[in-house]
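Worksheet: one structure, shown below.
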Amino acid sequence: MSKTLRLGPRLRYPITIVNLLKQPGDAVKKQQPLFRYSYKWMKEVGDAIRDDTWEEEQTSSATFDSPTEGDLKQWLIKEGQVIRADCPGLVVKEACGHEIQFQGMCGICGKDMTEVSWASETRDTDRAPISMVHDQTSLTVSKTQAQRTENELQKRLLQSRKLTLVVDLDQTIIHACIDPTVGEWQKDPTNPNYESVKNVKAFQLNDGPRGVAHQCWYYIKMRPRLEEFLRRIATMYELHVYTMGTRAYAEGVARIVDPERKLFGNRVISRDENGNMFAKSLQRLFPVSTNMVVIIDDRADVWPKNRSNLIKVSPYDFFRGIGDINSSFLPKRQDIITPAADIPAVNGNGAPPVGGKKAKEGEAAAPAEGDLAVTQLQVEEQKRALEKQMMDRPLQLLQLKQDKEDEEAEKATTQSENSQDAPPSSQPQTRHQVLRDDDDELEYLEQHLTRLHKVYFEEHDRELQDAAATDDFQLPDVGRTLSTLKRRAMRGVTVALTGMIPNGVTVEDTEIGQQLRSFGATVASRITRDVTHLVVNTLRPMTDKWRQARRIPSIKIVNQDWLAACFSQWATVDETPYLFSVASNGAPAPAVEEASDPDVASGSDEDAPPKGIKRLRLKAPTLKLVGVGGDTQELDGDESDDEDDGEDELEAEFNNLAPDALEDGQLSPIDGLKSFNWGSVDEELDEFLASGSDDDDDDEDEDEDEDEGMTDADGPAATRKRKFDADEDKEEGGTDSEVPSSQETAGSRSGRTSQAKRLRRTKSARGTSSLRNQYVSDVDGEEAGKQKKSSLPTPQVTGDEDGGELNGLDAEMEAEMEAELMAEFEAAPGIMVEEKG
Amino acid sequence: MFFLHNLERRVTLHPSYFGRNMHDLVTTKLVKDVEGTCAGDYYIIAIMDTFDVSEGLVLPGSGLAEFTVGYRAVVWRPFKGEVVDAIASSVNPHGFFAQAGPLRLFVSAHLIPDEIKYDANATPPQFTNNADMVIEPSTHLRVKIIGLRTEVGEMWAIGSINGDFLGCLQA
Numbered sequence: 001m002s003k004t005l006r007l008g009p010r011l012r013y014p015i016t017i018v019n020l021l022k023q024p025g026d027a028v029k030k031q032q033p034l035f036r037y038s039y040k041w042m043k044e045v046g047d048a049i050r051d052d053t054w055e056e057e058q059t060s061s062a063t064f065d066s067p068t069e070g071d072l073k074q075w076l077i078k079e080g081q082v083i084r085a086d087c088p089g090l091v092v093k094e095a096c097g098h099e100i101q102f103q104g105m106c107g108i109c110g111k112d113m114t115e116v117s118w119a120s121e122t123r124d125t126d127r128a129p130i131s132m133v134h135d136q137t138s139l140t141v142s143k144t145q146a147q148r149t150e151n152e153l154q155k156r157l158l159q160s161r162k163l164t165l166v167v168d169l170d171q172t173i174i175h176a177c178i179d180p181t182v183g184e185w186q187k188d189p190t191n192p193n194y195e196s197v198k199n200v201k202a203f204q205l206n207d208g209p210r211g212v213a214h215q216c217w218y219y220i221k222m223r224p225r226l227e228e229f230l231r232r233i234a235t236m237y238e239l240h241v242y243t244m245g246t247r248a249y250a251e252g253v254a255r256i257v258d259p260e261r262k263l264f265g266n267r268v269i270s271r272d273e274n275g276n277m278f279a280k281s282l283q284r285l286f287p288v289s290t291n292m293v294v295i296i297d298d299r300a301d302v303w304p305k306n307r308s309n310l311i312k313v314s315p316y317d318f319f320r321g322i323g324d325i326n327s328s329f330l331p332k333r334q335d336i337i338t339p340a341a342d343i344p345a346v347n348g349n350g351a352p353p354v355g356g357k358k359a360k361e362g363e364a365a366a367p368a369e370g371d372l373a374v375t376q377l378q379v380e381e382q383k384r385a386l387e388k389q390m391m392d393r394p395l396q397l398l399q400l401k402q403d404k405e406d407e408e409a410e411k412a413t414t415q416s417e418n419s420q421d422a423p424p425s426s427q428p429q430t431r432h433q434v435l436r437d438d439d440d441e442l443e444y445l446e447q448h449l450t451r452l453h454k455v456y457f458e459e460h461d462r463e464l465q466d467a468a469a470t471d472d473f474q475l476p477d478v479g480r481t482l483s484t485l486k487r488r489a490m491r492g493v494t495v496a497l498t499g500m501i502p503n504g505v506t507v508e509d510t511e512i513g514q515q516l517r518s519f520g521a522t523v524a525s526r527i528t529r530d531v532t533h534l535v536v537n538t539l540r541p542m543t544d545k546w547r548q549a550r551r552i553p554s555i556k557i558v559n560q561d562w563l564a565a566c567f568s569q570w571a572t573v574d575e576t577p578y579l580f581s582v583a584s585n586g587a588p589a590p591a592v593e594e595a596s597d598p599d600v601a602s603g604s605d606e607d608a609p610p611k612g613i614k615r616l617r618l619k620a621p622t623l624k625l626v627g628v629g630g631d632t633q634e635l636d637g638d639e640s641d642d643e644d645d646g647e648d649e650l651e652a653e654f655n656n657l658a659p660d661a662l663e664d665g666q667l668s669p670i671d672g673l674k675s676f677n678w679g680s681v682d683e684e685l686d687e688f689l690a691s692g693s694d695d696d697d698d699d700e701d702e703d704e705d706e707d708e709g710m711t712d713a714d715g716p717a718a719t720r721k722r723k724f725d726a727d728e729d730k731e732e733g734g735t736d737s738e739v740p741s742s743q744e745t746a747g748s749r750s751g752r753t754s755q756a757k758r759l760r761r762t763k764s765a766r767g768t769s770s771l772r773n774q775y776v777s778d779v780d781g782e783e784a785g786k787q788k789k790s791s792l793p794t795p796q797v798t799g800d801e802d803g804g805e806l807n808g809l810d811a812e813m814e815a816e817m818e819a820e821l822m823a824e825f826e827a828a829p830g831i832m833v834e835e836k837g
Numbered sequence: 001m002f003f004l005h006n007l008e009r010r011v012t013l014h015p016s017y018f019g020r021n022m023h024d025l026v027t028t029k030l031v032k033d034v035e036g037t038c039a040g041d042y043y044i045i046a047i048m049d050t051f052d053v054s055e056g057l058v059l060p061g062s063g064l065a066e067f068t069v070g071y072r073a074v075v076w077r078p079f080k081g082e083v084v085d086a087i088a089s090s091v092n093p094h095g096f097f098a099q100a101g102p103l104r105l106f107v108s109a110h111l112i113p114d115e116i117k118y119d120a121n122a123t124p125p126q127f128t129n130n131a132d133m134v135i136e137p138s139t140h141l142r143v144k145i146i147g148l149r150t151e152v153g154e155m156w157a158i159g160s161i162n163g164d165f166l167g168c169l170q171a
């Protein structure tokens with residue numbers, strides 16, 4: 001193949017071609033002189049010691065040596081020509097393009113590609129930079145070769161009307177573990193898990209990490225109905241395996257899943273050949289075009305470049321709590337939708353457990369690419385994780401725990417014999433199994449893949465027809481087809497999430513958010529009228545958003561299983577089975593809330609403080625009873641006396657309550673002032689001035705005041721102000737209910753003018769006073785403690801945190817113990833909660 | 001090509017082995033250390049015998065004794081242009097890999113006769129001329145080496161089956 005050679009930038013331009021040493025048709029070898037040229041340069045001559053030098057122009061000649069080997073076809077320069085800059089010089093028909101290289105040798109001519117010489121400016125190894133073979137990294141090809149190979153592949157696939165499907169192994173089509181307990185259970189027909197594990201296949205791996213986990217048995221559970229699934233899918237797709245496990249592991253699994261090697265053939269790529277420990281890339285296998293490639297994987301974050309081709313399946317978690325045994329290298333996953341049914345997570349191997357995995361997130365820094373030290377560390381970690389699983393036997397623990405629970409339950413009902421010793425035939429119910437084989441993901445997956453295949457080839461045929469007319473055939477992109485299909489699934493649905501994602505992360509950036517959008521749903525960061533569904537995490541119910549959403553009948557409040565079902569079925573599934581109800585989750589029943597309602601109403605009806613303020617305060621997440629009671633009362637108000645501005649105000653209020661829109665939150669108190677009764681404020685103030693007798697802890701308070709950039713005054717004025725501060729804080733807690741307290745107080749304080757502050761203060765003092773008698777101290781405290789505890793194990797606080805402080809305050813106020821209030825107020829929220837709860 | 005080659009190597013022996021059968025131990029250690037390794041551009045296949053075991057010299061500082069051993073070994077040095085028998089190990093669209101003893105060979109599709117084509121639909125994928133020639137993993141082949149490269153302790157080759165009497169070996 002012909003190649004045009006440039007003269008290169010290294011020559012001393014301008015040059016004059018003296019004579020051409022080769023004629024077209026001549027064979028040229030590497031480093032052979034091709035032409036002679038002359039150039040001019042300045043030479044310093046004279047006596048340097050006497051400092052008597054001058055420059056003289058010199059003319060020298062040199063030869064241009066061939067950087068490549070082949071036959072000279074044509075000169076693009078001629079003798080006598082003056083060349084001033086780098087330009088094409090000649091055309092050579094290369095003997096070999098070195099398009100396939102193996103270990104530094106050309107696979108076509110067998111020459112050593114690692115040799116470098118003065119004549120060529122580029123290295124021959126750079127000619128074939130692409131590695132696209134499944135089981136090798138040492139074999140590289142050039143771009144044209146890759147293109148050629150891929151075109152052939154596409155042609156072949158189109159002929160057989162197939163697409164390419166890249167299949168992940170772990171937790172997508174199988175679940176693996178190395179817990180020896182499984183083997184024991186398999187041998188023991190009396191074990192309650194026997195039915196579940198009897199179909200678990202196993203293989204032994206020799207290349208695993210040395211130590212305890214060396215030569216251990218890998219137990220592989222195939223996803224239910226996997227065989228039929230693969231057999232049917234293989235008629236529409238050419239299957240590839242792409243796993244983050246080792247080569248030996250991948251082949252072991254492939255042997256189990258596909259013993260005849262009919263499905264996957266040799267198309268298996270593993271971590272060893274991937275070239276990247278942290279991410280998978282379709283470009284590794286299909287460097288030119290991914291137009292016909294679909295991926296199924298349980299993790300979307302490992303496919304950073306190929307999201308459009310990805311069908312994310314819900315992770316298969318058969319060996320509960322084991323997770324993905326090959327995921328130690330990957331960043332901890334963020335996208336798990338924990339099933340609503342509470343699962344005791346056993347963190348078997350440092351892989352993320354099902355439940356509170358976020359707890360150890362601190363240690364999982366994003367791995368630096370190509371960092372050998374980190375990789376080494378992770379290899380160690382993987383090894384440790386495997387060993388830990390061998391030693392700890394998480395499944396056994398799980399079963400023991402289950403047995404214990406069963407036992408207790410049994411004892412509670414009848415005084416029958418010990419379930420452990422009971423023959424299983426007589427008492428099949430006594431021991432509950434830990435492992436359940438009830439996964440139906442593949443059914444839906446098959447439907448989706450079938451549909452995708454159908455739609456793609458319809459599109460392809462249409463394109464082909466068009467091409468017959470225009471002669472311009474373009475292969476449709478299956479990624480686009482997939483997006484179109486998916487986008488129909490949840491169109492028109494606006495979803496708000498609560499308790500699902502960590503604070504401080506924008507919903508759009510999270511895995512769930514991205515997935516929702518890919519399904520055509522709109523993700524709302526706060527509750528508005530547009531929201532159609534609120535997804536509540538059953539592990540963290542009772543959030544602020546939930547409370548807001550409860551008041552809008554059009555919002556369907558569902559648990560996270562609904563989301564999971566939608567994702568796996570690609571449809572907006574019927575919400576009925578997933579509706580989230582308070583009672584079923586052990587939260588206080590609404591009846592209790594209503595009980596406090598009359599109090600609330602009676603306490604606030606006479607001077608009717610502005611709605612906005614009252615609502616805001618009542619929204620404080622942990623003022624649970626009051627909050628909910630207030631809600632009821634408020635809603636009543638909306639219906640009766642606020643009809644004129646009910647709609648607008650509701651909207652405005654939503655904005656005020658918005659978790660991540662501080663601006664809105666700041667506006668709210670001032671809005672409330674418009675309809676403020678200033679007279680009663682003054683009265684309130686006077687009352688405070690008169691009653692202020694607790695100046696002992698002024699000093700403690702000073703810090704607080706200085707924070708605000710205000711100078712503290714002595715005497716009753718100080719007391720008054722302090723009091724307002726307290727109220728104000730409470731007020732703010734209500735406003736920015738989604739933000740943790742410490743951050744919130746600091747954040748909302750800074751950046752406000754002192755004037756606004758003063759105004760707000762007055763107002764909030766007013767508002768509080770009228771509601772003071774609503775606080776139910778003891779229940780509040782309890783509730784606060786409970787909530788606090790429930791949100792502790794994870795950093796995903798959705799605003800429940802500040803409640804402790806607020807509640808503490810309320811309780812103290814209720815008791816009129818001002819001094820103690822101040823002490824509490826100064827203390828950190830956490831401490832106070834502990835005291836309370 | 002196989003050669004009988006006279007080689008020399010320094011073998012160190014731990015003091016705890018000093019004794020009557022020291023020379024046997026030296027030979028054993030030599031065999032263990034050397035057999036089956038790639039020494040530059042040849043593989044040491046087997047050690048025939050040791051013909052010269054020098055007197056041991058105790059190394060200052062460590063106490064180990066060092067023997068200089070002259071030995072005779074069968075070595076295999078693949079040459080460019082040599083024809084070797086190999087077993088195919090994996091097949092891909094660009095060519096196939098084969099193993100000639102310790103040597104890993106790659107035969108690219110360019111160096112396979114034109115009538116032998118890659119067939120991706122077969123299980124497992126193979127190169128075939130739809131007649132007697134089927135190249136899939138574990139097929140025995142006769143390959144001509146056209147390129148060789150060595151690195152410390154490793155050696156690779158590029159092979160060709162484009163020529164008379166090259167290709168599949170009839171069983």
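Protein sequence lines, in the order shown, are assigned to chains Z and V.
Just so you know, we're using my numbering here: the first sequence kicks off at 1 and counts up by one.
Just so you know, we're using my numbering here: the second sequence kicks off at 1 and counts up by one.
All C-beta atoms in this analysis are idealised placements derived from N, C-alpha and C, irrespective of residue type, glycine included.
All values derive from a computational prediction rather than experimental measurement.
**Report entry** residue 34 of chain Z to residue 80 of chain Z span [Cα, whole Å]
**Finding:** 15 Å
Requested in this report: With a threshold of 16 other CB atoms inside 10 Å of the CB of residue 704 of chain Z, please say whether the residue is buried or exposed.
Outcome: The predicted model places residue 704 of chain Z with a pLDDT of 45, which falls under 50 and marks its position as unreliable, so this point remains unresolved.
**Report entry** Cut-off 6 Å between Cβ atoms - residues of its own chain near residue 104 of chain V, not counting five sequence neighbours on either side
**Finding:** 156
Query - Proximal residues of chain Z, C-beta to C-beta of residue 156 of chain V below 7 Å - result: 102, 103 and 105
Query raised in the report: What residues in the segment 258-274 of chain Z have a beta carbon less than 7 Å from any beta carbon of chain V?
Result: 261, 262, 265 and 266
Query raised in the report: Is DSSP giving residue 90 of chain V helix, strand or coil here?
Result: strand
Requested in this report: State buried or exposed for residue 699 of chain Z, treating a residue as buried only when at least 16 other CB atoms are found within 10 Å of its CB.
Outcome: Low per-residue confidence applies at residue 699 of chain Z: pLDDT is 46, beneath 50, and the placement is therefore not dependable, though the value from the model is reported in the following sentence. Counting Cβ neighbours within 10 Å, residue 699 of chain Z comes out exposed, since fewer than 16 surround it.
Query - Segment contact, 8 Å Cβ cut-off, at least three pairs: the segment 87-97 of chain V with the segment 119-137 of chain V - result: yes
Requested in this report: Please list the partners that residue 156 of chain Z has in chain V, where partner means a Cβ-to-Cβ separation under 9 Å.
Outcome: 120 and 121
**Report entry** chain Z contact for residue 138 of chain V (CB, 8 Å cutoff)
**Finding:** no
Query raised in the report: Is it the case that the Cβ atoms of residue 237 of chain Z and residue 164 of chain Z are separated by a distance below 8 Å?
Result: yes
Query raised in the report: Is the shortest distance between the beta-carbon of residue 147 of chain V and the beta-carbons of chain Z less than 8 Å?
Result: yes
Report task. From the DSSP output, in three-state form, read off residue 101 of chain Z for me. Result -> strand
Report task. Taking only beta carbons into account, state which residues of the segment 74-92 of chain V come closer than 9 Å to chain Z, listed in chain order. Result -> 80, 90, 91 and 92
Query raised in the report: When the distance is taken between beta carbons, is residue 68 of chain Z closer than 8 Å to residue 38 of chain Z?
Result: no
Query raised in the report: By how many angstroms is the C-alpha of residue 54 of chain V removed from the C-alpha of residue 205 of chain Z?
Result: 45 Å
Requested in this report: Please state whether DSSP places residue 6 of chain Z in a helix, a strand or coil.
Outcome: strand
Query raised in the report: Cβ of residue 110 of chain V less than 8 Å from any chain Z Cβ?
Result: yes
Query raised in the report: Quick one: is residue 96 of chain V near chain Z, going by C-beta distance under 8 Å?
Result: no
Query raised in the report: Taking Cβ positions only, does residue 19 of chain Z come closer than 8 Å to chain V?
Result: no
Requested in this report: Please determine, among Z:120, Z:444, Z:470 and Z:480, the residue with the shortest C-alpha to C-alpha distance to residue 457 of chain Z.
Outcome: Z:480
Query - For residue 311 of chain Z: DSSP bridge partner residues - result: Z:296
Requested in this report: Report buried or exposed for residue 526 of chain Z, applying the criterion of at least 16 other Cβ atoms within 10 angstroms of its Cβ.
Outcome: buried
Query raised in the report: Based on Cα-Cα distance, which residue from V:143, V:102, V:83 and V:9 lies nearest to residue 173 of chain V?
Result: Because chain V is modelled from 1 through 171, residue 173 of chain V falls outside the range shown and cannot be assessed.
**Report entry** Proximal residues to residue 491 of chain Z (C-beta, below 7 Å), its chain only, five neighbours per side dropped
**Finding:** 520
Report task. May I ask you to list the residues that DSSP assigns as paired with residue 55 of chain Z? Result -> Z:44
**Report entry** Pair within 8 Å by beta-carbon distance, residue 171 of chain Z and residue 304 of chain Z
**Finding:** no
Query raised in the report: Just curious, the alpha helix (DSSP H) that residue 108 of chain V is in, first and last residue?
Result: Premise fails: residue 108 of chain V lies in the beta strand (DSSP E), 103-108, not in any alpha helix (DSSP H).
Query raised in the report: residue 56 of chain Z and residue 43 of chain Z: beta carbons closer than 8 Å?
Result: yes
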